[in-house]
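First the structure, in the form of structure tokens, and then the observations on it.
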Amino acid sequence: MGSSSDRELGEKAKALLDEFGVESEIRILSAHRNPKELEEYIEKSEAEVFIAIAGLSAALPGYIAARTVRPVIGVPREVKLGGLDALLSIAQMPRGVPVACVSIDGATNAALLAIEILALKDSELKRRLLEYRRRWSKR
Ligand code: RP5
4 MGSSSDRELG EKAKALLDEF GVESEIRILS AHRNPKELEE YIEKSEAEVF
54 IAIAGLSAAL PGYIAARTVR PVIGVPREVK LGGLDALLSI AQMPRGVPVA
104 CVSIDGATNA ALLAIEILAL KDSELKRRLL EYRRRWSKR
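With the numbering used here as the guide, the letters of the sequence shown map in order to residues 4 to 142.
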């Protein structure tokens, strides 16, 4: 996350990852306030997927994507302009450095997409996802 003000969304994503037994950690590192620290974190991290939550001009997901070839899922957070600023900043990444973009405040889908990526090589995780879908379809 880019700020402690993004925490609610971060915790929502983490709660779902925990429910699936997927190891994760929450870090607050801003692309514009802590660029050096963020760069070191990305380099040392063993994460297979990054979920980057940010509002306003939302440079964080693109910043991470520029420094790794692991998948980055951006979550635009509504802070101003109904979140449209963050949505466009994330979805409109220039060609060559992709960032997956979920809906505004879409922490749940970001966690699910991360789990789907990990499930490609984890049949137990895939089974849990299918079970989750079955439950979801009965809501
Ligand atoms: C972004 O600016 C953060 O990700 C946050 O969503 C937004 C506002 O940050 P604060 O001013 O609340 O720290 O960098």
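Even for Gly, the Cβ is constructed at its ideal location relative to N, Cα and C.
- Query: Got a sec: does ligand 1 put a non-hydrogen atom nearer than 7 Å to the Cβ of M4?
  - Reply: To locate residue 4, count along the sequence shown from 1; it is residue 1. Correct: M4 has its Cβ closer than 7 Å to ligand 1.
- Helix, strand or coil at A68 [DSSP, three-state]: Taking the first residue of the sequence shown as 1, we reach residue 68 at position 65. Helix at A68.
- Item | Alpha-carbon to alpha-carbon, A18 and F53 | Counted from its first residue, the sequence shown places residue 53 at position 50. Counted from its first residue, the sequence shown places residue 18 at position 15. Cα to Cα, F53 sits roughly 15 Å from A18.
- Item | Terminal residues of the alpha helix (DSSP H) in which R137 lies | Here residue 137 refers to the residue found at position 134 of the sequence shown. Start and end: S126 to S140.
- Task: May I have the straight-line CA-CA distance separating E51 from E28, to the nearest angstrom?
- Result: Taking the first residue of the sequence shown as 1, we reach residue 51 at position 48. Taking the first residue of the sequence shown as 1, we reach residue 28 at position 25. In this structure, the CA atom of E51 is about 12 Å from the CA atom of E28.
- Query: Whole-angstrom Cβ separation of P74 and A55, contact assumed at under 8 Å?
  - Reply: Locating residue 74 in the sequence shown gives position 71, counting from the first residue. Locating residue 55 in the sequence shown gives position 52, counting from the first residue. Contact between P74 and A55 fails: their C-beta atoms lie close to 11 Å from each other, not under 8 Å.
- Inter-residue Cα distance where the pair is K83 and Y44: Taking the sequence shown and counting its residues from 1, the one referred to as residue 83 is at position 80. Taking the sequence shown and counting its residues from 1, the one referred to as residue 44 is at position 41. Each residue's alpha carbon lies about 28 Å from the other.
- Task: Can you tell me which of the three DSSP states P38 falls into?
- Result: Position 35 of the sequence shown, counting from 1, holds the residue named residue 38. Residue state for P38 is assigned as helix, using DSSP reduced to three classes.
- Query: Can you list the beta strand (DSSP E) stretches of 3 or more residues lying completely in the segment 41-123, in chain order?
  - Reply: For the segment 41-123, whole beta strand (DSSP E) runs of length 3 or above, ordered along the chain, are 53-58 and 75-80.
- Query: When the Cα atoms are used, what is the spatial distance from K47 to D21?
  - Reply: Position 44 of the sequence shown, counted from the first residue, corresponds to residue 47. Position 18 of the sequence shown, counted from the first residue, corresponds to residue 21. Approximately 22 Å between the Cα atoms of the pair.
- Task: Please work out which residues of its chain come closer than 7 Å, Cβ to Cβ, to R80, disregarding the five sequence neighbours upstream and downstream, and give them in chain order.
- Result: The residue labelled residue 80 in the question sits at position 77 within the sequence shown. The answer, listed in chain order, is D9, L12, I56, A57, G58, G86, A89 and D108.
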